[in-house]
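Count along the sequence shown from 1, add 202, and you get the number used in the working numbering.
The beta-carbon is built from N, C-alpha and C at its ideal position, and this holds for glycine as well.
These numbers were taken from a predicted model, which means no experiment stands behind them.
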Amino acid sequence: MDGSAVLDRLVADAETDPDVRGVVLTGSHARGMVTAHSDCDVTVVVTGSALARWQRVRSAELDQAVVTVEALSDTSVHWPRYGYRGARVLLDRLGGGIADLVERQAIPTAEETRAWSRDFLDAYVNQLYRAVKSHRDGAAAAGKLDELESVPWLLSTVFALHGRLRPYNKYLAWELATHPLPGRWNAALEPGRLPGRALSLFPAVADLARERGHGDVLDGWGADIALILRQARRSGVSGR
């Protein structure tokens, strides 16, 4: 059975069950990125009494998650929230309430992104400091590995500084195409070039962080920031 048929059957079953509050399509099908290997990623929102009837499904055609309205309302766990970016609500028995909860998952508050910006920026600096020390000590291979490890922190930092959730790697190009970042950031985060640019992009990230009021996070690293900036500028000149 192809993905469309599976999805149609699922929605039809949901519509006959009064304990289903909503059906949300996520993943590649929602974002228009379907390939021959894509399954349908669906979240079925139910009442607590329906959890026994609607169970987790993982197959080649369907990845079905089942949550209560209360669970969909919980935004305390960061990592799954980007999954709702670009989601399509196929059934909403809460008069738009399911759509509101999906949007709340996908769009963080200003308070959230401010806190994340500071945490992610600190982690990004920490990983770059490790890379710089490795390069300084002649451990080029370790330095490159450290730089690669900093890429997730770079992405998390830049998107948080722009009030956004970091995309999953698979959807980074889609995110930049459908929801562009301002200025030169789209080009800077181009997926094909990004792995080798985590260090050379640090000066721009540091400037953005200071503009957003997070200079104290950088200043907390003292002279280490100057060390990272020197290496970053050499990295940018050399094209590494």
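Each residue's CA atom was taken as its position, placing Thr-270 and Gln-433 some 49 angstroms apart.
With three or more CB-CB distances shorter than 8 angstroms, the stretch 315-335 counts as touching the stretch 359-366. Spatial neighbours of Leu-396 in its own chain (CB-CB distance under 7 angstroms, excluding positions within 5 residues in sequence) are listed in chain order as Val-353. The alpha-carbon of Pro-369 is positioned some 34 angstroms away from that of Ser-251. Taking a 10 Å sphere around the C-beta of Gln-257, we find fewer than 16 other C-beta atoms and assign the residue as exposed.
Annotation for Gly-285: Thr-228 place their beta carbon closer than 6 angstroms to its own, counting only its chain and skipping 5 residues before and after. When Cβ pairs closer than 8 angstroms are counted between the two stretches, the stretch 309-321 is seen not to touch the stretch 343-351, the count staying below three. Counting C-beta pairs with one atom in each stretch, the stretch 303-311 and the stretch 373-393 have fewer than three that are closer than 8 angstroms, which means they do not touch. Taking the Cα positions, Val-268 is about 15 angstroms away from Arg-283. Residue pairing from DSSP leaves Leu-356 without any beta-bridge partner. The DSSP-derived three-state label of Ala-262 is coil. Minimum Cα-Cα distance from Thr-249 among the listed residues Ala-390, Arg-233, Asp-221 and Ala-238 corresponds to Asp-221. Secondary structure note for Thr-245: its beta strand (DSSP E) is the uninterrupted segment 242-248. Annotation: Val-407 is outside any beta strand (DSSP E); the continuous alpha helix (DSSP H) that includes it extends over 404-413. In the DSSP annotation of this structure, the continuous segment of the beta strand (DSSP E) that includes Thr-228 starts and ends at 222-228. For Arg-287, same chain residues with a beta-carbon under 6 angstroms away, outside a window of 5 residues either side, are Ala-308 in chain order.
In the three-state scheme derived from DSSP, where H, G and I count as helix and E and B as strand, Asp-348 is classed as helix. Straight-line measurement puts the Cα of Arg-366 at about 26 angstroms from the Cα of Asp-265. Secondary structure note for Arg-338: its alpha helix (DSSP H) is the uninterrupted segment 312-338.
In the DSSP annotation of this structure, the continuous segment of the alpha helix (DSSP H) that includes Leu-303 starts and ends at 299-308. Rounded to whole angstroms, the gap between the alpha carbons of Ala-406 and Ile-427 is 13 angstroms.
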